[in-house]
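Q:
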Amino acid sequence: MTSCECLVLEKLEDNGEAAARERGRVAQGGVGGSGSYAGEWRSRSEAMFPIYVMGSSQASTAAASQDIVDSAEDPIWEAVKSEANSETEKEPILSSFLYASVLSHDCLERALSFVLANKLEDPTFLATQLIDIFNDVMMNNKDIRRSIRLDAQAFKDRDPACSQYSWALLYLKGYHSLQSYRIAHVLWNQGRKVLALALQSRISEVFAVDIHPAARIGEGILLDHGTGLVIGETAVVGNWVSLMQGVTLGGTGKEHGDRHPKIGPGALLGAGATILGNINIGEGAMIAAGSLVLKDVPPHRLGDKL
Numbered sequence: 077m078t079s080c081e082c083l084v085l086e087k088l089e090d091n092g093e094a095a096a097r098e099r100g101r102v103a104q105g106g107v108g109g110s111g112s113y114a115g116e117w118r119s120r121s122e123a124m125f126p127i128y129v130m131g132s133s134q135a136s137t138a139a140a141s142q143d144i145v146d147s148a149e150d151p152i153w154e155a156v157k158s159e160a161n162s163e164t165e166k167e168p169i170l171s172s173f174l175y176a177s178v179l180s181h182d183c184l185e186r187a188l189s190f191v192l193a194n195k196l197e198d199p200t201f202l203a204t205q206l207i208d209i210f211n212d213v214m215m216n217n218k219d220i221r222r223s224i225r226l227d228a229q230a231f232k233d234r235d236p237a238c239s240q241y242s243w244a245l246l247y248l249k250g251y252h253s254l255q256s257y258r259i260a261h262v263l264w265n266q267g268r269k270v271l272a273l274a275l276q277s278r279i280s281e282v283f284a285v286d287i288h289p290a291a292r293i294g295e296g297i298l299l300d301h302g303t304g305l306v307i308g309e310t311a312v313v314g315n316w317v318s319l320m321q322g323v324t325l326g327g328t329g330k331e332h333g334d335r336h337p338k339i340g341p342g343a344l345l346g347a348g349a350t351i352l353g354n355i356n357i358g359e360g361a362m363i364a365a366g367s368l369v370l371k372d373v374p375p376h377r378l379g380d381k382l
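And the structure:
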């Protein structure tokens with residue numbers, strides 16, 4: 077078994093030029109308030125939702141997130157192994173589980189394949205078959221390899237209940253359903269649509285999360301709890317978005333084609349929020365729990381029953 081190449085996460089430094097552009101956009105009324113208010117909001121949101129990207133180029137978020145650095149080190153995987161070793165000492169009854177799920181593997185991708193396959197298997201979807209499929213997708217797709225780490229970082233940073241990287245990998249079904257969707261999305265784009273739909277069905281049964289494999293979801297995503305989450309076929313979710321349980325990104329039933337919401341980077345969608353139709357939720361917007369949203373929400377605004 078060959079070791080997989082590892083990826084390094086680097087925290088994005090604040091970029092003065094980008095900040096200046098943001099201040100200029102805010103001054104032009106981008107958030108519907110004064111520049112000082114918008115600056116305070118932005119500072120609070122960055123504190124709540126730290127942004128991490130892959131790569132060595134930090135000229136801009138877009139450029140940095142496209143640049144993947146191959147390295148002999150993988151800090152998240154090293155942290156997962158260290159945490160598993162520590163938990164083995166604390167709870168010897170879990171030693172076999174932790175060895176099989178983490179310590180017997182040589183990289184995060186293979187450990188994740190093992191965990192997901194054993195959760196999604198059924199009498200006709202064998203774990204050994206799923207492991208082969210998952211490994212083939214993840215080991216040959218650098219976008220997924222980057223995303224699984226950015227998502228793990230998002231859970232660690234933004235979910236107070238997730239104090240260790242290994243907890244996301246082993247126990248949190250929001251993380252499991254998100255990574256399973258990512259695999260189904262690759263299969264869909266490869267033309268293996270029947271397999272992708274079969275996987276979607278199984279994800280829905282096991283995790284109570286229903287994400288169409290054609291939906292497009294960015295990186296650094298937090299699915300907190302995940303239960304009851306529904307994301308439709310033409311939905312788009314930007315980077316660093318947080319979605320609580322029971323969120324629906326659906327259609328109105330009156331449209332065909334591109335009919336689902338578009339969620340801007342850094343948005344927060346509260347528990348039970350229902351967002352319907354081909355509408356835009358702006359960058360950094362916050363949608364209150366239980367909201368029904370039927371029209372666009374501007375960037376950095378609080379959306380309620382709209």
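Using this note's numbering, you'd call the opening residue of the sequence shown number 77 and step up by one each time.
Here a beta-carbon is modelled for each residue, glycine too, at the ideal position from N, C-alpha and C.
Predicted model, so just to flag it, every value in this text is computed and none were measured.
Among V156, A193 and N194, which has the Cα closest to the Cα of D182?
A: The candidate whose alpha carbon is nearest that of D182 is V156.
Q: Give the DSSP-derived three-state secondary structure of K330 in the structure shown.
A: Reduced to three states, the DSSP call for K330 is coil.
Q: Do A272 and I152 have their C-beta atoms closer together than 7 angstroms?
A: Not closer than 7 angstroms, so no.
Q: Alpha carbon to alpha carbon, how far is H288 from I307?
A: Cα-Cα distance, rounded: 6 angstroms.
Q: For S318, does the three-state DSSP call read helix, strand or coil?
A: It is a strand residue.
Q: With a Cβ-Cβ cutoff of 7 angstroms, do V178 and N217 count as a contact?
A: Result no, Cβ atoms of V178 and N217 do not sit closer than 7 angstroms.
Q: Using the Cβ count rule (16 or more neighbours within 10 Å means buried), how would you classify D235?
A: Its Cβ being crowded by 16 or more others within 10 Å, D235 is buried.
Q: For the beta strand (DSSP E) containing L352, list its first residue and its last residue.
A: Run containing L352: T350 to L352, per the beta strand (DSSP E) assignment.
Q: Out of curiosity, what's the CA-to-CA distance linking Y175 and A193?
A: Using only the alpha carbons, I get a separation of about 16 angstroms.
Q: Using three-state DSSP, classify T200 as helix, strand or coil.
A: T200: coil per DSSP, three-state reduction.
Q: Under 6 angstroms Cβ to Cβ from T324, same chain only, skipping five residues before and after it: list those, please.
A: If we look at T324 and ignore the five residues flanking it on each side, its Cβ neighbours are V306 and T350.
Q: Can you tell me which of V270, A291 and G250 puts its alpha carbon nearest to the alpha carbon of L319?
A: Checked all of V270, A291 and G250; the closest Cα to L319 is G250.
Q: Do L352 and M362 have their beta-carbon atoms positioned less than 7 angstroms apart in this structure?
A: Taking 7 angstroms as the Cβ cut-off, M362 and L352 do not qualify as a contacting pair.
Q: If distances are taken between C-alpha atoms only, which option among M214, V285, L298 and T310 comes closest to A291?
A: If we check each option's Cα against that of A291, T310 comes out closest.
Q: Measure the CB-CB distance between K371 and I355 and report whether it falls below 7 angstroms.
A: Cβ atoms of K371 and I355: closer than 7 angstroms.
Q: Please classify V270 as buried or exposed, where buried requires at least 16 neighbouring CB atoms within 10 angstroms.
A: V270 comes out exposed.
Q: Tell me which same chain residues have a C-beta within less than 7 angstroms of the C-beta of A138, skipping the five on either side of it?
A: Interpretation of A138 is limited by its pLDDT of 37, a score under 50 that renders its predicted location unreliable; the figure taken from the coordinates is listed afterwards. No residues qualify anywhere along the chain.
Q: With a CB to CB cut of under 7 angstroms and the five nearest residues on each side skipped, what residues in its chain are close to V282?
A: Counting only Cβ-Cβ distances below 7 angstroms, and skipping sequence neighbours, we find K195 and L196.
Q: Checking 7 angstroms against the spacing of the C-beta atoms, do G314 and G340 come in under that value?
A: Taking 7 angstroms as the Cβ cut-off, G314 and G340 qualify as a contacting pair.
Q: Quick check on DSSP: helix, strand or coil for L299?
A: Strand.
Q: Per DSSP, I293 forms a beta bridge with which residues?
A: In DSSP, I293 forms a bridge with V313.
Q: In this structure, does DSSP put V323 in helix, strand or coil?
A: Looking at V323 - three-state DSSP - the assignment turns out to be coil, as it is neither helix nor strand.
Q: Between D198 and the rest of its own chain, which residues show a CB-CB distance below 8 angstroms, the 5 nearest in sequence each way excluded?
A: Hits under 8 angstroms: R278.
Q: Span of the alpha helix (DSSP H) holding H181?
A: From DSSP, H181 is part of no alpha helix (DSSP H); its letter is neither H nor E.
Q: What are the residues that DSSP puts in a beta bridge with V306?
A: Answer is D286 and T324.
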